[in-house]
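If you read the sequences in order, they're chains A and B. Every letter in the first sequence is one number past the one before it in my numbering, and letter 85, counting from 1, is 85. Here my numbering runs 1000 ahead of the position in the second sequence, where the first position is 1.
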Amino acid sequence: MNTTAERGIDRSQMTVSDEVAIQITNMNKWYGAFHVLRDINMTVNRGERIVICGPSGSGKSTLIRCINRLEEHQAGQIIVDGTELSSDLKNIDKVRSEVGMVFQHFNLFPHLTILENLTLAPIWVRKTPKREAEETAMYYLEKVKIPEQANKFPGQLSGGQQQRVAIARSLCMKPRIMLFDEPTSALDPEMIKEVLDTMIELAEEGMTMLCVTHEMGFAQAVANRVVFMDQGQIVEQNEPNEFFNNPQSERTQLFLSQILGH
Amino acid sequence: MEEHHGLNYVRTEMLGEQAPPVSEVGAVRWVRENLFSGWVNTILTVISLAVIAWAVMAIGPWLLNSVWEAESLAQCREILAAAGAVNEHGTFGACWGVINDRWHQLLFGFYPPELYWRPILAFVLMLVALAPVLFPNVPRKWLFFSVAYPFIGFFLLWGGTVWLPLMIAAGFVVGYIAARLTSGYSTLITSAAAIIAPLIWWFYLMGPVTEALHSMIPIGLEAVQSNDFGGFMLSIIIGVTGIVLSLPLGILLALGRQSNMPLIKTICVVFIEFVRGVPLITLLFTASLLLNYFLPPGTNFDLILRVIIMVTLFATAYMAEVIRGGLAALPNGQYEAADALGLDYWKAQRLIIMPQALKISIPGIVNTFIGLFKDTTLVVFIGLLDPIGLSSAIRASSDWQGIYWELFIFIGAIFWIFCFGMSRYSMYLERRLKTDHR
């Protein structure tokens, strides 16, 4: 596990404001008759970095996918940046253009070059002129340290590089919130670090982040809150030190002993 | 080389790349591996060579004895007999004189010979119009010509007043204006207006306006009736129009079938299943006999136009299913990534989904195109003179009664050239679009 000291992360830089970025109230979701998310209540302030963990099938991915309406919730309220998510398409588009998302399997567009992957949404959604979109794209590619790959296709890149491109693609839309859905689960151990480093840099810049991950080192390094979910509900949440060293619920203790115990 | 027994081993230097052994490259190796790799393969190779030799010896002399200059089958046989090309069945040799004598009919049907320049020009312009669609290195500006070509081609082939194609084109402008005027209302009203307004224009207003304009400014070419169209010209008109129309319509139908809206989905499913479940020939008979009942009274639809509509509908249903296969092959993550970036439905389809789904579907799409092009020969059953229909007509004449090999070889060869061209183009396209590097 990477320790905070080792990485030299300056937590004092990561300030959290009082402004609310995401407000989830009494939210419920069903897949048919199956109750996947049960009475979720959660407030995320601007600049907060939240790690969501839990056993598979606990609903953690479904929860963050509800935040940009990739999944629909059936009861309760989700307000993102002051916009309530409902079936209103305009609101959905507004939220999606402000919330970036990174997927487990990268989901880059294989028929487009890296540069085209990055400029597509700015050009077609934000109506940014092509030249300007390309400059922004190159800026973020340098930030994720692979500007030399700009004219290659996704299939020519390693998994870690693809995931960094995916992060850069989201950043090109200048989002105010970033969602990460198990961003390192499909990567080889050697590539996990390069992706986590990119995410830590992003955290240091004060991005609001919700991250579903099993990387507990990352949680300890950058999160200011860890949320543990099981059976579609939030079982426990706390700041990372307390969460890892002094878990309250039995379910959390069991989970932590299983993932940290070997 | 270092020995390493036991558990402990540390490599001291990494190995470089080396060339393969000499015995693993070259033509001899290819022959040995592919033709004579075992006794089964050796026997199959020998049998194949024997079959090829037999076919060449059977057909070769017939081709070598070809007669190109003859005005009838009888004259052709005389020439062959004089040259000594005779076997136990009589004269033995290909008689291409029939092609020499009747090629213009096979190509143009009964189109007036002094006007052949019009279909030839239309064909050349068609190639020019297709170029920017087919090849990326042709300047994009030429696409304007591709859009204008259907009207130019129509005018050249059928002739008549120049105002008719212009007024047909104006129908699209009418649709655009209707869409602009209703753009403040819901999408449904806008799309309805964009469809209904041009239909009203084409069915009710276009005729009188065209007549009025023509009486004021009479410009035009000598009109040629659809009855005179025939041969490969007819096959190409029906085939190319069907191909060009069935792709976009097939895409819409495939998307409709995947739609969340139950009404649209049902309409698309019913259409696809109905059209696919009916033989093309019944649709063609419907076109020639029944379609007029469903149209507003007084409209006299051209038979070729009706056939084009039916062939297009038929190909569209197949196309929709081919494209649906491509859509199904795309991982869900592509839709999600497009959604998450804030692309709306149509932008996601146009920029992300369709480029990939169509690429996957290229073999199936071209398959449908080739099938459609060859199916144009079925129009012979409703009295249109496609090349097959003309071959019957030629064989019914007293000069060429009894000839068939040469005619069908010629017709088959021309069809083959077109279909092989499409097949090659699809392979070129697949190579060009290959970006996944798997």
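Think of the CB as a built atom: it goes at the ideal place given N, C-alpha and C, for glycine as much as any other residue.
>> Which residues in chain A have a C-beta closer than 9 Å to the C-beta of B:P1355? List them in chain order.
In response: Result: F109, H111 and L112.
> chain A partners of B:I1352, CB-CB under 7 Å?
Replying inline: Neighbours of B:I1352 on chain A, chain order: F109.
> Assuming A:Q265 contacts A:F228 under a Cβ cut-off of 8 Å, what Cβ separation, rounded to an integer in Å, is found between them?
Replying inline: Chain A is shown only over 1 to 262; residue 265 of chain A falls outside these bounds and no answer can be derived.
> Does the beta-carbon of B:M1057 have 16 or more other beta-carbons within 10 angstroms, so that it is buried, or is it exposed?
Replying inline: Exposed, by the Cβ-count rule.
> Beta carbon of A:N26, beta carbon of A:H73: below 8 Å?
Replying inline: A:H73 is positioned such that its CB atom lies no closer than 8 Å to that of A:N26.
> Residue range of the alpha helix (DSSP H) that B:I1234 falls in?
Replying inline: For the record, residue 1234 of chain B in the displayed sequence is Leu; it is not Ile. Where B:L1234 is concerned, the enclosing alpha helix (DSSP H) stretches over G1231 to R1257.
> If the cut is a Cβ gap below 9 Å, which residues of chain A does B:Q1401 touch?
Replying inline: Annotation: B:Q1401 has no Cβ neighbours in chain A at a cutoff of 9 Å; minimum Cβ distance is about 57 Å.
>> Here's the rule I'm using: 16 or more other beta-carbon atoms within 10 Å means buried, otherwise exposed. How should B:G1016 be labelled?
In response: Label assigned to B:G1016: exposed.
> So, using beta-carbon positions, are A:F103 and B:E1336 closer together than 8 Å?
Replying inline: Between A:F103 and B:E1336, the gap from beta carbon to beta carbon is short of 8 Å.
> Closest to A:R46 by CA distance: which of A:G100, A:Q156 and A:M209 is it?
Replying inline: Per the C-alpha coordinates, the member of A:G100, A:Q156 and A:M209 positioned closest to A:R46 is A:M209.
> From the beta carbon of A:S17, is the nearest beta carbon of chain B less than 8 Å away?
Replying inline: Contacts with chain B at 8 Å (Cβ-Cβ) do not include A:S17.
> Hey, does A:S87 have any beta-carbon neighbour from chain B nearer than 8 Å?
Replying inline: No Cβ of chain B is located within less than 8 Å of the beta carbon of A:S87.
> Between the C-alpha atoms of B:T1376 and B:A1348, what's the straight-line distance to the nearest angstrom?
Replying inline: If I take the Cα positions, the gap works out to 35 Å.
> Using the beta-carbon of each residue, which ones in chain B are nearer than 9 Å to A:N91?
Replying inline: Residues of chain B passing the Cβ test: none, with the nearest at roughly 12 Å.
> Quick one, which residues of the stretch 110-141 of chain A are near chain B if we go by CB-CB under 7 Å, in chain order?
Replying inline: Listed by position along the chain: P110, H111, L120, A121, W124 and V125.
> So which residues of chain B does A:S97 contact, with C-beta pairs closer than 7 Å?
Replying inline: G1342, listed in chain order.
> Going by beta carbon distance, what residues of the same chain come within less than 7 Å of B:T1091, once the five residues before and after it are set aside?
Replying inline: Cβ within range, chain order: R1077, L1080, A1081 and A1085.
> Can the beta-carbon of B:G1325 be found less than 8 Å from the beta-carbon of A:S97?
Replying inline: Going by beta carbons, B:G1325 and A:S97 fall outside the 8 Å limit.
> What first and last residue would you give for the alpha helix (DSSP H) that runs through B:F1285?
Replying inline: Residues L1280 to F1285.
> Run through DSSP, which three-state label would B:T1091 get?
Replying inline: In the structure shown, B:T1091 sits in a strand (DSSP, three-state: E or B).
> Of the choices B:G1371, B:W1096 and B:W1158, whose alpha-carbon is the least far from that of B:L1221?
Replying inline: Comparing Cα positions, the closest option is B:W1158.
> Can you list, in chain order, the residues of the stretch 159-185 of chain A whose Cβ is nearer than 7 Å to any Cβ on chain B?
Replying inline: Listed in sequence order: M173.
> chain A partners of B:Q1334, CB-CB under 8 Å?
Replying inline: Neighbours of B:Q1334 across chain A, judged by C-beta separation under 8 Å: N107 and F109.
> Fully enclosed by the stretch 195-252 of chain A, which beta strand (DSSP E) runs are 3 residues long or longer?
Replying inline: Fully enclosed beta strand (DSSP E) runs of no fewer than 3 residues occupy 208-212, 225-230 and 233-238 of the stretch 195-252 of chain A, in order along the chain.
> Nearest chain E C-beta to B:A1337 closer than 8 Å, yes or no?
Replying inline: The chain inventory of the structure shown lacks chain E, comprising the protein chains A and B.
> In chain B, what lies closer than 7 Å to A:L70 by C-beta?
Replying inline: Residues of chain B whose Cβ lies closer than 7 Å to the Cβ of A:L70 are, in chain order, E1336, D1339 and A1340.
> Taking any Cβ of chain A, which residues in the stretch 1356-1389 of chain B have a Cβ under 8 Å from it, in chain order?
Replying inline: Hits within the stretch, in order: Q1356 and K1359.
> Which chain A residues are close to B:K1347, counting only those with a beta carbon under 7 Å from its beta carbon?
Replying inline: In chain order: W124.
> What residues in its chain sit with their C-beta under 8 Å from that of A:N192, if we drop five residues either side in the sequence?
Replying inline: Note on residue identity: the sequence assigns Ile, not Asn, to residue 192 of chain A. Apart from sequence neighbours up to five positions away, the residues of its chain that approach A:I192 with a beta-carbon distance below 8 Å are G160, T184 and E215, ordered along the chain.
>> 8 Å is my cut-off, CB to CB: does A:F103 come that close to chain B?
In response: A Cβ of chain B is located within less than 8 Å of the beta carbon of A:F103.
> Got a sec? Which residues, its chain only, sit under 6 Å from B:P1112 by beta carbon, not counting five neighbours each side?
Replying inline: Counting only residues of its own chain and dropping the five nearest sequence neighbours on each side, B:P1112 has no CB closer than 6 Å to any other CB.
> Excluding the five sequence neighbours on either side, which residues of its own chain have a C-beta within less than 6 Å of the C-beta of B:F1154, listed in chain order?
Replying inline: If we look at B:F1154 and ignore the five residues flanking it on each side, its Cβ neighbours are P1165.
>> With H, G and I counted as helix, E and B as strand and the rest as coil, what does DSSP make of B:W1068?
In response: DSSP, reduced to helix, strand and coil, places B:W1068 outside both helices and strands of the structure shown, so it counts as coil.
> CB-CB under 6 Å to A:S87, same chain, minus the five flanking residues each way: which ones, in chain order?
Replying inline: No residues qualify anywhere along the chain.
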